[in-house]
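Engineer: Those sequence lines, one after another, are chains X and R.
FYI, the numbering for the first sequence is 1 to 163, going by the numbering used here.
FYI, the numbering for the second sequence is 1001 to 1176, going by the numbering used here.
My questions will all concern the structure given below.
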Amino acid sequence: MKKIALFAIAAAISTPAMAAPGDSATAQGAATAEVVAPITLTHTPNAALDFGTFTTGTTGGTVVVTQAGVATDTGDVTLVSGSTEAADAFTVAGDPGRSFSITTGSGTVANGSVTMAFTTSAPASGTLTGGAASFRVGGTLAVVGGAAAGTYTGSYNVTVAYN
Amino acid sequence: MPHFRLLAGAGILACAAYPSCAHAEPGQSMQSAGSAAAEVVEQVQIQRLANLRFGRFATPSTPSTLRVAMTGAVTPSADLASSLSMAQPPEGRGPAQFRIEMDGNRGFTAYIPASLTISSGSANMLVNAVEGRLVRIVSAGRQSIYRLDMGGTLRVGANQAPGQYSGTFLVTVVYL
């Protein structure tokens, strides 16, 4: 095996050093690393953060959906009878027993040129029990008063990372 | 200075014509103090202080590298960057370190490997671009103590198998 040589000369040499051939010492070192399974995030098929069906009123307001999928309206906004609201859903896989952080961003929903902004709410962390975990995402939609009727859609980012 | 010529076998010491020169009588003997010298040097010793530790990281999806420099600086390639914030085992990340004790009046050469392999079962990873440095810790009287720091670059394969990887290497110091 090729070796690399490092040299050291004593700083204070008052007399020439006398070589002593064969005087040497050897130690064994070790190198280590731990590789863990990658963390993966999957959006549950057909799941979505659904703010339901509502009227905006003239001054608007908000629709709040909890992580459990329960919705409430505020201001001039009124959820209509039969409206269906839901929290978004994700699954996580990775190294068993390891904890991870969850970060969700904000976004907008749009219908043509009309947009409405929303923020999200999710757990800050989770644990991969048996190598798996799941969590749900709620949010708050800022409803624009008098916004045109129609179906509004949009997206937002979710990130998970090992702690 | 008196000049002496020893006649081999006769045991007679003849002097040149110096007034102060001693005259040896036949049959008499003469003694003179001789000189003897020996130099004892400190035996070179080397002791491991720390392993070369690459720490914990998640399997990357592309071939990647993680460098732990002899200074302790850690540099991951893009796919391993997020692993820098991952909780580490108690020993953390860092260079290998050795303590070298030797005679302060002597020079020495330390030999480190150019590369090594760490394994977990049948899965392997190469450590290359090995570098080292010597740091003088103490120099007092006939003893000097150095610390040898050794770093390297770990080459991680795409989808590298999870596991605890380890490998060994030798470090040798030799008096010049």
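Glycine residues also receive a C-beta, built at the ideal position from the N, C-alpha and C atoms.
These numbers come from a predicted model, not from an experiment.
Around the C-beta of Val143(X), are 16 or more other C-beta atoms found within 10 angstroms, so that it is buried, or is it exposed?
Structural biologist: Residue 143(X) sits at position 143 when you count from the first residue of the first sequence. Per the 10 Å Cβ criterion, buried.
Engineer: Which residue wins for smallest C-alpha separation from Leu1126(R), given the options Leu1066(R), Thr1059(R) and Ser1029(R)?
Structural biologist: Translated into the one-based positions of the second sequence, residue 1126(R) becomes position 126. Closest by alpha carbon: Leu1066(R).
Engineer: Quick one: residues in its chain with C-beta nearer than 7 Å to the C-beta of Gly139(X), no 5 flanking neighbours on either side, listed in chain order?
Structural biologist: As a first step, residue 139(X) must be located in the first sequence, where it is residue number 139. Cβ within range, chain order: Leu49, Val65, Phe118, Thr119, Thr120 and Ser121.
Engineer: In chain R, what lies closer than 7 Å to Ala27(X) by C-beta?
Structural biologist: Here the question's residue 27(X) lines up with position 27 in the first sequence. Those are Ile1046, Gln1047, Arg1048, Phe1098 and Val1171, listed as they occur along chain R.
Engineer: Which one or two residues does DSSP pair with Pro1076(R) in a beta bridge?
Structural biologist: Locating residue 1076(R) in the second sequence gives position 76, where the first residue counts as 1. Beta-bridge pairing links Pro1076(R) to Leu1066(R).
Engineer: Is Ala1081(R) helix, strand or coil by DSSP?
Structural biologist: Indexing the second sequence from 1 puts residue 1081(R) at position 81. Residue state, collapsed to three classes: helix.
Engineer: What whole-angstrom Cβ distance do Gly1092(R) and Gly1055(R) have, given they're in contact under 8 Å?
Structural biologist: For this step, residue 1092(R) is matched to residue 92 along the second sequence. For this step, residue 1055(R) is matched to residue 55 along the second sequence. Yes, Gly1092(R) and Gly1055(R) are in contact; Cβ-Cβ is about 6 Å, under 8 Å.
Engineer: Beta-carbon of Asn157(X) versus every beta-carbon of chain R: anything under 8 Å?
Structural biologist: By one-based count along the first sequence, residue 157(X) stands at place 157. False, the Cβ-Cβ gap to chain R never drops below 8 Å.
Engineer: Step through the CB atoms of chain R and report whether any lies within less than 8 Å of the CB of Ser125(X).
Structural biologist: Within the first sequence, residue 125(X) is the residue found at index 125, counting from 1. No, Ser125(X) lies away from the interface with chain R (no Cβ there is under 8 Å from its Cβ).
Engineer: So which residues on chain X does Thr1059(R) lean against when the C-beta distance must stay under 8 Å?
Structural biologist: Numbered from 1 along the second sequence, position 59 holds the residue referred to as residue 1059(R). In chain order: Val35, Val36, Ala37 and Pro38.
Engineer: On the CB-based measure, 16 or more other CB atoms within 10 Å of its CB, does Gln1045(R) come out buried or exposed?
Structural biologist: Your numbering for residue 1045(R) matches position 45 in the second sequence. Classification for Gln1045(R): exposed.
Engineer: Is Leu1052(R) near Pro1090(R), with beta carbons less than 8 Å apart?
Structural biologist: Counted from its first residue, the second sequence places residue 1052(R) at position 52. Counted from its first residue, the second sequence places residue 1090(R) at position 90. No, these two residues do not count as a Cβ contact at 8 Å.
Engineer: Closer than 8 Å, CB to CB, is Thr32(X) near chain R or not?
Structural biologist: Taking the first sequence and counting its residues from 1, the one referred to as residue 32(X) is at position 32. It does; some Cβ of chain R falls within 8 Å.
Engineer: Whole angstroms is fine: what's the gap from Phe1057(R)'s alpha carbon to Thr91(X)'s?
Structural biologist: Translated into positions along the second sequence, residue 1057(R) becomes position 57. Translated into positions along the first sequence, residue 91(X) becomes position 91. The straight-line gap from Cα to Cα measures roughly 21 Å.
Engineer: Is there a Cβ from chain R that is less than 8 Å from the Cβ of Ala161(X)?
Structural biologist: Counted from its first residue, the first sequence places residue 161(X) at position 161. It does: the Cβ of Ala161(X) has a partner Cβ on chain R nearer than 8 Å.
Engineer: With burial defined as no fewer than 16 other Cβ atoms inside 10 Å of the residue's Cβ, what is the status of Gln1160(R): buried or exposed?
Structural biologist: Translated into the one-based positions of the second sequence, residue 1160(R) becomes position 160. Burial call: buried.
Engineer: If Ile1118(R) and Gly1167(R) are in contact, beta carbons under 8 Å, what's the gap, nearest whole angstrom?
Structural biologist: As a first step, residue 1118(R) is located in the second sequence; it is residue number 118 there, counting from the start. As a first step, residue 1167(R) is located in the second sequence; it is residue number 167 there, counting from the start. 4 Å between Cβ atoms; contact.
Engineer: Buried or exposed: which applies to Thr42(X), given that a residue is buried once 16 or more other Cβ atoms fall within 10 Å of its Cβ?
Structural biologist: The residue labelled residue 42(X) in the question sits at position 42 within the first sequence. It is exposed - the Cβ of Thr42(X) has fewer than 16 other Cβ atoms within 10 Å.
Engineer: Just checking: is the beta-carbon of Thr1168(R) within a distance shorter than 8 Å of some beta-carbon in chain X?
Structural biologist: Walking along the second sequence from the start, residue 1168(R) turns up at place 168. Yes - at least one Cβ of chain X is within 8 Å of the one on Thr1168(R).
Engineer: Could you pull the start and end residues of the beta strand (DSSP E) that Arg1147(R) belongs to?
Structural biologist: Locating residue 1147(R) in the second sequence gives position 147, where the first residue counts as 1. Element bounds for Arg1147(R): Gln1143 to Val1156.
Engineer: Would you identify the three-state DSSP class for Arg1093(R), choosing helix, strand or coil?
Structural biologist: In the second sequence, residue 1093(R) corresponds to position 93, counting from 1. Here Arg1093(R) sits in coil by DSSP.
Engineer: Answer with yes or no whether the minimum CB distance from Gly1141(R) to chain X is below 8 Å.
Structural biologist: As a working note, residue 1141(R) is residue 141 in the second sequence. Cβ-Cβ to chain X under 8 Å: no for Gly1141(R).
Engineer: Does the beta carbon of Ser1035(R) come closer than 8 Å to any beta carbon on chain X?
Structural biologist: On the second sequence, position 35 is the one that residue 1035(R) refers to. No, because no Cβ of chain X sits closer than 8 Å to the Cβ of Ser1035(R).
Engineer: Please report how far the alpha carbon of Asp1149(R) lies from the alpha carbon of Leu128(X), in whole angstroms.
Structural biologist: Here residue 1149(R) refers to the residue found at position 149 when the second sequence is read from its first residue. Here residue 128(X) refers to the residue found at position 128 when the first sequence is read from its first residue. Taking the straight line from one Cα to the other gives about 37 Å.
Engineer: In the DSSP assignment, the beta strand (DSSP E) including Gly75(X) goes from what residue to what residue?
Structural biologist: Within the first sequence, residue 75(X) is the residue found at index 75, counting from 1. It spans Ala71 to Gly75 - the beta strand (DSSP E) in which Gly75(X) sits, taken as one unbroken run.
Engineer: Identify every residue that forms a DSSP beta bridge with Ile1137(R).
Structural biologist: Along the second sequence, one-based indexing puts residue 1137(R) at 137. Beta-bridge pairing links Ile1137(R) to no other residue.
Engineer: Terminal residues of the continuous beta strand (DSSP E) containing Ile1112(R)?
Structural biologist: Stepping through the second sequence from its first residue, residue 1112(R) is reached at position 112. Phe1108 to Pro1113 is the extent of the beta strand (DSSP E) around Ile1112(R).
Engineer: Can you pull out the residues from the stretch 1119–1140 of chain R whose beta carbon lies closer than 9 Å to at least one beta carbon of chain X?
Structural biologist: Listed in sequence order: Ser1120, Ala1123, Met1125, Val1127, Val1130, Glu1131, Gly1132, Arg1133, Leu1134, Arg1136 and Ser1139.
Engineer: Using a Cβ-Cβ distance cut-off of 8 Å, determine whether Gln1164(R) contacts chain X.
Structural biologist: As a first step, residue 1164(R) is located in the second sequence; it is residue number 164 there, counting from the start. Closer than 8 Å to some Cβ of chain X, the Cβ of Gln1164(R) qualifies, so yes.
Engineer: Cβ of Ser134(X) less than 8 Å from any chain R Cβ?
Structural biologist: Position 134 of the first sequence, counted from the start, is the residue given in the question as residue 134(X). Answer no: the Cβ-Cβ gap between Ser134(X) and chain R never drops below 8 Å.
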